[in-house]
């Protein structure tokens with residue numbers, strides 16, 4: 001991804017996966033939103049509910065499978081899951097958003113490694129997803145399918161920073177009708 005990032009810098013990635021305000025936590029949060037969105041967009045609704053909403057262990061396995069599939073397909077391998085997932089998950093456009101967020105976080109690693117007091121700068125991932133949702137609301141119609149960003153929007157509810165805007169947009173979405 002970034003040529004100036006070395007393996008020796010990776011241990012300096014600050015935070016915990018449970019702290020969304022830290023680089024590690026934000027990466028985990030974005031990964032959840034990206035993989036949920038890919039599953040939402042590509043799986044039949046019943047399969048999405050079964051694999052991504054019923055069991056925490058199962059959802060973790062399938063989220064990680066989506067990432068493994070993306071990485072392995074780039075190297076010519078074809079991973080297999082049961083149940084089989086649609087072939088289009090590995091090159092879904094949301095992986096581009098993941099790459100941008102990952103690069104945004106990793107580009108800060110040299111500073112994190114050299115300055116213990118470094119102030120982490122969060123990504124624009126969720127703000128960008130909320131903006132996309134806002135545009136969909138403005139120009140979408142009730143006949144359109146639900147927007148692709150819906151899983152990201154739901155993730156936005158769990159952030160104090162994004163909650164108010166998320167609730168406002170969800171209210172506008174619901175006002176559009178059935």
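Numbering (this note's numbering), first residue to last: 1 to 178.
Think of the CB as a built atom: it goes at the ideal place given N, C-alpha and C, for glycine as much as any other residue.
Buried or exposed for residue 84, please, with buried defined as at least 16 other CB atoms from any protein chain shown within 10 angstroms of its CB. Residue 84 sits at position 84 when you count from the first residue of the chain shown. Answer is exposed; the Cβ neighbour count stays below 16.
How would you label residue 177, buried or exposed, when you count the other beta carbons within 10 angstroms and need 16 or more for buried? Counting from 1 along the chain shown, the entry for residue 177 is found at position 177. Exposed, because fewer than 16 other Cβ atoms sit within 10 Å of the Cβ of residue 177.
Where does residue 90 sit, in a helix, a strand or coil, going by DSSP? Position 90 of the chain shown, counted from the start, is the residue given in the question as residue 90. If DSSP states are grouped into helix, strand and coil, residue 90 belongs with coil.
Which ranges would you report for the alpha helix (DSSP H) in the stretch 91-137 if only whole runs of at least 4 residues count? The stretch 91-137 contains these whole alpha helix (DSSP H) runs: 94-106, 109-114.
Could you tell me the alpha carbon to alpha carbon distance between residue 119 and residue 46, rounded to whole angstroms? Numbered from its first residue, the chain shown carries residue 119 at position 119. Numbered from its first residue, the chain shown carries residue 46 at position 46. In a straight line, the C-alpha of residue 119 is about 43 Å away from that of residue 46.
Please classify residue 133: is it buried, with 16 or more other beta-carbons within 10 angstroms of its beta-carbon, or exposed? On the chain shown, residue 133 is found 133 positions in, with the first residue counted as 1. Buried is the call here.
Contact between the stretch 33-43 and the stretch 80-99: three or more CB pairs below 8 Å? yes
Pick helix, strand or coil for residue 34, following the three-state DSSP scheme. Within the chain shown, numbered from 1, the residue matching residue 34 stands at position 34. Helix, per DSSP.
Which residues in the same chain have their Cβ closer than 8 Å to the Cβ of residue 56, if we skip the five residues on either side of it in sequence? By one-based count along the chain shown, residue 56 stands at place 56. So no residue of the chain qualifies.
Determine the direct distance from the alpha carbon of residue 6 to that of residue 137, and round the result to whole angstroms. The count along the chain shown starts at 1 and reaches residue 137 at position 137. The count along the chain shown starts at 1 and reaches residue 6 at position 6. Going from the Cα of residue 137 to the Cα of residue 6 covers about 42 Å.
Count the C-beta pairs between the stretch 138-157 and the stretch 5-25 that are closer than 8 Å, then say yes if the count reaches three, no if not. Too few Cβ pairs lie closer than 8 Å, so no.
Does DSSP put residue 79 in a helix, in a strand, or in coil? One-based indexing of the chain shown puts residue 79 at position 79. Three-state result, residue 79: coil.
Take residue 62 and list the residues in its own chain whose beta-carbon comes closer than 6 Å to its own, dropping the five residues that flank it on each side. Residue mapping note: residue 62 aligns to position 62 of the chain shown, counting from 1. Cβ neighbours of residue 62 beyond the five flanking positions: 51.
Give me the Cα-Cα distance between residue 8 and residue 114, rounded to the nearest whole angstrom. Your numbering for residue 8 matches position 8 in the chain shown. Your numbering for residue 114 matches position 114 in the chain shown. Cα to Cα, residue 8 sits roughly 12 Å from residue 114.
Pull up the distance between the alpha-carbon of residue 81 and that of residue 127, whole angstroms please. One-based indexing of the chain shown puts residue 81 at position 81. One-based indexing of the chain shown puts residue 127 at position 127. Between residue 81 and residue 127, the C-alpha separation is close to 33 Å.
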